[in-house]
Amino acid sequence: MRRGKESVPVFSIKLESDPGFQKKGRSSVRIWAWLASAIFLCVVFVICAVFYVWLYVEQIQNGYRLSKAYEESELLSNVQRKLTIEWSRFRDPQRLEEIGRNQFGLSPPRPDQKVVMR
Amino acid sequence: MREQRKSLNSRYWSCRMLFHFIVIGGLCAIVIKAFYLQVIEHSFWVDRANACLNTRFTVPAYRGTIYDRQGRVLSYSVPQRSLYAFGGQIADPDKTAAVLSQILNEPAGPIQKKLTSTNHFVWIKRQLTDQQALEIERLGVPGLNLADEYKRFYPYRQVGGQIVGFVNIDGAGIEGIEKSFDDVLRGKPIPVIQFRDGGRRPLWLNSAAPPEPAESCGVKLTMDTFIQYVAESELEKTVEKYRARSAEVVVLDAGSREVLAMASWPFFDPNIIPEKKDPKEELGRDHAISDAFEPGSTFKVFLMSAALDQNLVRERDKIYCEAGQCILAGHCIKDVHAHGWLTMQEVVKYSSNIGAAKIALHLGSEKYARYIHDFGFGSLTGIALPGEFKGIVRAQKRWRQIDLAVTGFGQSIGVTSLQLANAIAVIACGGEYGTPIIAGNVLDGQGRSVRQFQSIKTRKVISKRTADQVRAMMELVTEEGGTGTHAAPEGYTAAGKTGTAQVMDKATKRYASNKYTSVFAGFIPAENPRLVITVVVHEPRGAIYGGVVAAPVFREIATKALPYLGVMPSGPGSAPSPGTHMAGASGAHTKQTAGSKKAAAVKPGVKSVQKAAPEESASTKSPGSVRIVSKN
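Those protein sequence lines, which keep their order, are chains U and D.
Numbering-wise (my numbering), the first sequence opens with residue 1 and increments by one.
Numbering-wise (my numbering), the second sequence opens with residue 1001 and increments by one.
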């Protein structure tokens, strides 16, 4: 009975006492480690690949966005230039005089309407 | 069993070898083909790929803007689309031409002709309106395309039209500043390559950001739009009133010689350029620099400057004016009003031709010609505008006595309005000649000054003392009794000279009896000149005298421009017109100031000259019948 107790080597605490098991266990750990690292590398690779594809897709999308933004900026720039012209036209003294005379009934001041600031 | 295995092995190995050969051969073929494509035919396939993927476009560089001195935009480029077609690619030219005819408001015939043309590229209409471009875009007719172009707009229309000039449909400067600064203003578009996908959608994949549309360098003029507008409107009123053939005004800043306004009637709107230009039509021509006229009596001030500077005469010297008519150098010379003895000041004030002719003969052609040249007549002023005329001044060696005599009162010589104004500025500014300038700065795309222009003071024409003497004489012209009293605005002292010159009839080569040029040239305020103004009215009807036709234009421009420039009426003789309110002053004080103007109008120095007029003590003989009496 005592011997029987001693003859359960698998669950024995003294693993180092069984060289076969020791060797087998080490290779198993190595396989698991290898598998784990392989899986990890695969995952990293897949992540990197997905990231790369995502980056590429983003690059393309940004390319479209940039292109669209550029077109919009050009359009706004054109509108801004046209508004500058309109603004300048409003400052035309000839036009202002026409508007003053025809729309508002204004006329140049008579001498008695002038006040000289001293 | 063993043999069977052997034969199987040999078949296996032969298949395997064959497979190896096929694979390796295939790989070699791929490598060879790849080498052929990548190395030998590399450029061909690169070009082909680029042609499919890349699209080349140009980022516009707008033509530079032209500003006035206050930064108002005078000339500006705005994107405008143009319609073109690929000839012969339009499916239904008749129908398309009919639709385009309605949109473009043009006859269908010429459009149809263009659409059926065999040319690969044909313009249908350039610089469409936004509405037209939008409607054509909506049509979506294959073969019809819109191109981005730029149109030059001039928001102030005719104001300064001749100075600013204009460009042709391709954006090249044709007249005015647009022409003279074409190299500076012209923009260089940036070519850019951009990707396009299979659906021809643009895609920006370059590492650098897309370049933004840039603006080329601009030009800031010395011209002031307000003063230009005032000058043009006053000139137009006068032209309409006197039904004149044409007229010009030049307004210079006396100190800096900057051209503040330069107007010539008929005016010109650079926005309206006819497609087919009449070669005889002088489109956009600036008559103030390109046309010469005889300045008439305004030239007497230069004669007097020369004579005084040479110490040949003094202010109080007297000259006999032959009671209005005399024979000089074999020709009859007349005055408008008969005068006897006149001082030098009075010769200018009453504008005596006989007095001027005698002084000219006394001065001599050599000296007089040198002064004429030094005042800038007969040579270009150097203003940065195209088409400047140097005027007409005969070579001094060819002058006869009569030429010398009549040049004294502004005949037999041709000057431009700008030359006259610039020469008057010499007297106004102490006798120094400076080049007039129209462009103040060259600005970069962000509006920073990259180059500045300034008047170059090239020579001393007359001494400061002489300039002051002539200025005093010119002041007399605008005071009571002078020929230019209409030139003096309320509240300011003005100095100037009137001129009324007969016009040479081209057909008869003689002076026409009914055609005159009315001139007034002067500066204001007289004591501290700020503006030099020259007004020239060609062939007025109803009135002909410079003092009547041109002087009021001078007054009106000065009245509006001086307060605008911050030069307010000052001094005892500068009270505002009756009825004008004085802020912070009582009504009694205002009346008193206004009433004292006339009393103060005649200066002390002038009074003493008038009193001294009868006193004569010595005389000098001059060539011919010239006799000048000096007072010691």
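We treat Cβ as the ideally placed atom computed from N, Cα and C, and that holds for glycine.
If residue i and residue j are in contact, beta carbons under 8 Å, what's the gap, nearest whole angstrom?
| i | j | result |
| --- | --- | --- |
| Ile1136 of chain D | Ile1103 of chain D | 6 Å |
| Ala1551 of chain D | Thr1498 of chain D | 6 Å |
| Gln1310 of chain D | Lys1397 of chain D | Not confirmed; about 20 Å, so no contact. |
| Gly1161 of chain D | Gly1284 of chain D | 7 Å |
| Gly1391 of chain D | Gly1414 of chain D | 5 Å |
| Gln1108 of chain D | Ala1097 of chain D | Just to set this straight, residue 1108 of chain D is Ala in the shown sequence, not Gln. Going by Cβ atoms, the distance from Ala1108 of chain D to Ala1097 of chain D rounds to 5 Å, so yes, they are a contact pair. |
Alpha carbon to alpha carbon, what distance is there between residue j and residue i?
| i | j | result |
| --- | --- | --- |
| Ser28 of chain U | Ile39 of chain U | 16 Å |
| Pro1079 of chain D | Ile60 of chain U | 30 Å |
| Arg1201 of chain D | Thr1055 of chain D | 10 Å |
| Tyr1357 of chain D | Gly1364 of chain D | Sequence check: residue 1357 of chain D is Ala here, not Tyr. When rounded, the distance between both Cα atoms is 11 Å. |
| Arg1459 of chain D | Tyr70 of chain U | 56 Å |
| Tyr52 of chain U | Leu41 of chain U | 16 Å |
| Ala36 of chain U | Leu1203 of chain D | 42 Å |
| Tyr1433 of chain D | Glu1527 of chain D | 19 Å |
| Lys1334 of chain D | Val1347 of chain D | 13 Å |
| Tyr1660 of chain D | Ile1533 of chain D | No statement about residue 1660 of chain D is possible, as the shown extent of chain D runs from 1001 to 1632 and does not include it. |
| Leu1134 of chain D | Lys82 of chain U | 16 Å |
| Phe90 of chain U | Pro1142 of chain D | 40 Å |
| Trp87 of chain U | Pro1155 of chain D | 9 Å |
| Gly1558 of chain D | Ser1290 of chain D | The amino acid at residue 1558 of chain D is misidentified as Gly; the sequence shows Ala. About 25 Å. |
| Trp1341 of chain D | Phe1302 of chain D | 21 Å |
| Trp1265 of chain D | Glu1106 of chain D | 33 Å |
| Asn1206 of chain D | Gly1199 of chain D | 19 Å |
| Gln113 of chain U | His1331 of chain D | 55 Å |
| Ala1594 of chain D | Pro1489 of chain D | Here the model assigns Ala1594 of chain D a pLDDT of 36, short of 50, so the residue's position is not dependable, and the following value carries that caveat. Taking the straight line joining both Cα atoms gives about 13 Å. |
| His1362 of chain D | Leu1235 of chain D | 38 Å |
| Thr1478 of chain D | Phe1267 of chain D | 29 Å |
| Leu1100 of chain D | Cys1052 of chain D | 32 Å |
| Val1548 of chain D | Gly1484 of chain D | 8 Å |
| Gly1445 of chain D | Ile1124 of chain D | 33 Å |
| Arg1370 of chain D | Gln1419 of chain D | 16 Å |
Using a 10 Å radius around the Cβ and a threshold of 16 neighbouring Cβ atoms, would you call residue i buried or exposed?
| i | result |
| --- | --- |
| Tyr1222 of chain D | One detail in the question is off: residue 1222 of chain D reads as Thr in this sequence, not Tyr. So Thr1222 of chain D counts as buried. |
| Cys1321 of chain D | buried |
| Asp1170 of chain D | exposed |
| Phe1633 of chain D | Look at the range of chain D in this structure, 1001 to 1632, and you will see that residue 1633 of chain D is not part of it. |
| Gly1587 of chain D | Any reading at Gly1587 of chain D must be qualified, since the residue scores a pLDDT of 39, below 50, and its modelled position is unreliable; the value itself is stated next. So Gly1587 of chain D counts as exposed. |
| Thr1129 of chain D | exposed |
| Arg26 of chain U | exposed |
| Cys1028 of chain D | exposed |
| Trp1399 of chain D | buried |
| Pro1525 of chain D | buried |
| Met1344 of chain D | buried |
| Gly63 of chain U | buried |
| Val115 of chain U | exposed |
For residue i versus residue j, is the C-beta spacing smaller than 7 Å?
| i | j | result |
| --- | --- | --- |
| Leu1252 of chain D | Ala1425 of chain D | yes |
| Arg1126 of chain D | Ser1077 of chain D | no |
| Phe1377 of chain D | Thr1416 of chain D | no |
| Ile1319 of chain D | Ile1177 of chain D | no |
| Lys1509 of chain D | Glu1539 of chain D | no |
| Arg1541 of chain D | Arg1243 of chain D | yes |
| Ser1305 of chain D | Val1470 of chain D | yes |
| Pro1436 of chain D | Val1259 of chain D | yes |
| Arg1451 of chain D | Val1442 of chain D | yes |
| Thr1254 of chain D | Phe1523 of chain D | It should be pointed out that residue 1254 of chain D corresponds to Ala in this sequence rather than to Thr. Contact: yes. |
| Ala1307 of chain D | Ile1359 of chain D | yes |
| Val1503 of chain D | Ala1495 of chain D | no |
| Val1553 of chain D | Val1535 of chain D | yes |
| Leu1476 of chain D | Lys1300 of chain D | no |
| Val1537 of chain D | Ala1247 of chain D | yes |
| Gly1440 of chain D | Lys1220 of chain D | yes |
| Gly1430 of chain D | Lys1457 of chain D | no |
| Ser1180 of chain D | Ala1384 of chain D | yes |
| Arg1555 of chain D | Ala1472 of chain D | no |
| Val1164 of chain D | Ser1075 of chain D | yes |
| Gly1087 of chain D | Val1122 of chain D | yes |
| Ile1402 of chain D | Ala1507 of chain D | no |
Check whether chain A comes within 7 Å of residue i, counting only Cβ atoms and requiring the distance to be less than that.
| i | result |
| --- | --- |
| Pro1093 of chain D | Given the protein chain composition of this structure (U and D), no chain A is represented. |
* Asked: Should the segment 1143 to 1156 of chain D be regarded as contacting the segment 1349 to 1357 of chain D, the criterion being three or more beta carbon pairs within less than 8 Å?
  -> Look at the beta carbons and you see the segment 1143 to 1156 of chain D not touching the segment 1349 to 1357 of chain D: under three pairs across the two are nearer than 8 Å.
* Do three or more CB pairs link the segment 1378 to 1388 of chain D to the segment 1204 to 1213 of chain D at distances below 8 Å? -> With a cut-off of 8 Å, the segment 1204 to 1213 of chain D and the segment 1378 to 1388 of chain D do not count as touching, because too few Cβ pairs lie within range.
* Asked: Between the segment 1286 to 1304 of chain D and the segment 1187 to 1205 of chain D, are three or more C-beta pairs nearer than 8 Å?
  -> No, the segment 1286 to 1304 of chain D does not touch the segment 1187 to 1205 of chain D.
* Asked: Contact between the segment 1108 to 1127 of chain D and the segment 1043 to 1061 of chain D: three or more CB pairs below 8 Å?
  -> Not touching, per the Cβ criterion.
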